[in-house]
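Student: Below is the structure I would like to discuss, written out as structure tokens.
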Amino acid sequence: MKLGTVLASCAAWWAANFVVKEACHTSSLKGEEWIAELLHGNPRRFRNQLRMLPGTFLALLDMLQTKYTLKSSRFVSAREKLATFLYVVGQAGSNRGAQERFQRSGWTITQSINEVLNAFMLLYPIVVTLPSNDIPYEVHSNPKMYPFFEHCIGALDGTHVRATPPSNARMPFRNRKGFMSQNVLAACTFNLRFVYVLAGWEGSASDARVLNDALLTKGFFIPEGKMYLGDAGYGLRTNLLTPYRGVRYHLREWAQGNQSPQNSKELYNLRHAQQRNCVERIFGVLKKRFKILEHSSEYPFKTQVNLVYALCALHNIIMELESDPHFLQKADKAKKKRDKKHQQRMARRGRPNNRRRPDHNAEDHTAEAGALRDSIAVAMWQQYTATIQSRQ
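Just so you know, the sequence shown maps onto residues -23 to -1, 1 to 369 in mature numbering (1 follows the signal peptide of the UniProt record, and there is no 0).
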């Protein structure tokens, strides 16, 4: 074969593969057209795709454009950028999947997500703020909780958000359930608004360690005389009420057999669990709405951390703008299903679900904190027994 023929063949191959490219994004339904179709269609379809109702989307778009940094560019509107972000976080979509949905290049999808994420990071400190010192309505209006929890301004807990850390730092991120995650601390009000979030801690870190970091160096402030409700793993403090160890606690344990409290500690634990349930519900609705939090991510770890903050801020905005209970109902239904499976596992193992491990170790707390909790439990029990006697 002559040299000229070889060179011609090479040139033809190069042109076919790198010069004359076949168009990839050829769908007639581009991103803008798809968004317009959603906006003018059934609101449930819009919610299923972008995780909020159309009116909420338009109000959010106006907020991000007028008060923050989200702008239209030459080829992509701010509306499409926001929809791209919501589609990815709501469907746990990949960059490639978003390319197909919006008929855009991978670079354009990444740019859109980053621009919206940056806008939400500016919005976060505005909408996720520490609560006031007023007695919460959810406490004051409930005679079972007031005045006993009158100084409680919210509840806190940790949750695991799936993570893909750098390959050289993966071991600390593997949690006790075996998957890699961030251990995210969050505090919320009783009406399901985030008031503080700390993301980025390794999945193997204890909840107490994350809380101490929040209190000492990350700006989580609990006013004098106020307190949060927390799980026993945090340890009892004068500003953090926890349940009694070794005493029936979780609501699923009380659900079996329509059981009633037998003493002051059981009553305290029951009402503590009922009031603290808000933090479990807020995690549930957050993960149901934004599926990306339940899946390993292809984004840089810093972006994964920032997404937690952004989505908590977005949750607060949605809660203010719409009253649609769809995702909250889905979260509650999923929790009931998990609790039922837990009860079935305990039954198969021959262990009563309300059986608690003996508390061989004394709780690590000050005498002041212990006395405070005991006084609340005793006062609750006195009211409870008096109410029962008055009905007889």
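Note that CB positions come from ideal geometry on N, CA and C, so glycine has one too.
For D351, does the three-state DSSP call read helix, strand or coil?
Tutor: Residue 351 sits at position 374 when you count from the first residue of the sequence shown. The answer is helix: DSSP assigns D351 an H, G or I state.
Student: How about C289 and V174: are their beta carbons less than 8 Å apart?
Tutor: Here residue 289 corresponds to residue number 312 of the sequence shown, with the count starting at 1. Here residue 174 corresponds to residue number 197 of the sequence shown, with the count starting at 1. Yes, the Cβ-Cβ distance between C289 and V174 is below 8 Å.
Student: Enumerate in chain order the residues of its own chain whose CB-to-CB distance from M157 is below 8 Å, with the five nearest sequence positions on each side excluded.
Tutor: Translated into the one-based positions of the sequence shown, residue 157 becomes position 180. Cβ within range, chain order: R139, A140, T141, P142, R147, F150, R151, G180 and S273.
Student: So the beta strand (DSSP E) L63 belongs to, where does it begin and stop?
Tutor: Indexing the sequence shown from 1 puts residue 63 at position 86. It is not in any beta strand (DSSP E) - L63 instead sits in the alpha helix (DSSP H) that spans A55 to Q68.
Student: Which value, in whole angstroms, describes the spacing of the CA atoms of R350 and M204?
Tutor: Start at 1 with the first residue of the sequence shown, and residue 350 comes out as number 373. Start at 1 with the first residue of the sequence shown, and residue 204 comes out as number 227. Approximately 12 Å between the Cα atoms of the pair.
Student: Mind listing, in chain order, the continuous beta strand (DSSP E) runs of no fewer than 3 residues lying wholly within the region 180 to 215?
Tutor: Counting only runs of 3 or more, we get 204 to 206.
Student: For T136, does the three-state DSSP call read helix, strand or coil?
Tutor: Here residue 136 corresponds to residue number 159 of the sequence shown, with the count starting at 1. T136 falls in the strand class under three-state DSSP.
Student: Would S241 pass as a contact of V355 if the rule is Cβ separation under 8 Å?
Tutor: By 1-based counting over the sequence shown, the position of residue 241 is 264. By 1-based counting over the sequence shown, the position of residue 355 is 378. Contact: yes.
Student: Based on the DSSP output, what are the partners of S158 in its beta bridges?
Tutor: In the sequence shown, the residue the question calls residue 158 occupies position 181. Paired residue(s): R139.
Student: Can you have a look at G18 and say buried or exposed, based on whether 16 or more other CB atoms are within 10 angstroms of its CB?
Tutor: Here residue 18 is taken as the residue at index 41 of the sequence shown, counted from 1. By the 10 Å Cβ count, G18 comes out exposed.
Student: So, for V(-4): in the same chain, excluding its five sequence neighbours on each side, which residues have a beta-carbon less than 6 Å away from its beta-carbon?
Tutor: Counting from 1 along the sequence shown, the entry for residue -4 is found at position 20. Bear in mind that a pLDDT of 48 at V(-4), under 50, signals an unreliable position, so the number given afterwards is only what the model happens to contain. Nothing meets the Cβ criterion.
Student: Where does L107 fall in DSSP's three states?
Tutor: The residue given as residue 107 occupies position 130 in the sequence shown. In this structure, L107 counts as coil in the three-state DSSP scheme.
Student: Report back the beta-carbon spacing between V161 and L107 to the nearest angstrom; my notes put them in contact at under 8 Å.
Tutor: Residue numbering aside, residue 161 sits at position 184 when the sequence shown is read from its first letter. Residue numbering aside, residue 107 sits at position 130 when the sequence shown is read from its first letter. Going by Cβ atoms, the distance from V161 to L107 rounds to 17 Å, so no, they are not a contact pair.
Student: Could you spell out the range, first to last residue, of the alpha helix (DSSP H) harbouring V262?
Tutor: Residue mapping note: residue 262 aligns to position 285 of the sequence shown, counting from 1. Segment S241 to R266, the alpha helix (DSSP H) holding V262.
Student: Could you tell me which residues DSSP puts in a beta bridge with F171?
Tutor: Locating residue 171 in the sequence shown gives position 194, counting from the first residue. Paired residues: C165.
Student: On the DSSP letters alone, give me the boundaries of the alpha helix (DSSP H) that G32 sits inside.
Tutor: Residue mapping note: residue 32 aligns to position 55 of the sequence shown, counting from 1. Looking at the DSSP string, the run of the alpha helix (DSSP H) that includes G32 is P31 to K44.
Student: G131 to L206, Cα distance in whole Å?
Tutor: Start at 1 with the first residue of the sequence shown, and residue 131 comes out as number 154. Start at 1 with the first residue of the sequence shown, and residue 206 comes out as number 229. Rounded to whole angstroms, G131 to L206 spans 6 Å at the Cα level.
Student: Tell me the residue span of the alpha helix (DSSP H) that contains E115.
Tutor: Position 138 of the sequence shown, counted from the start, is the residue given in the question as residue 115. Per DSSP, E115 belongs to the alpha helix (DSSP H) from Y114 to H117.
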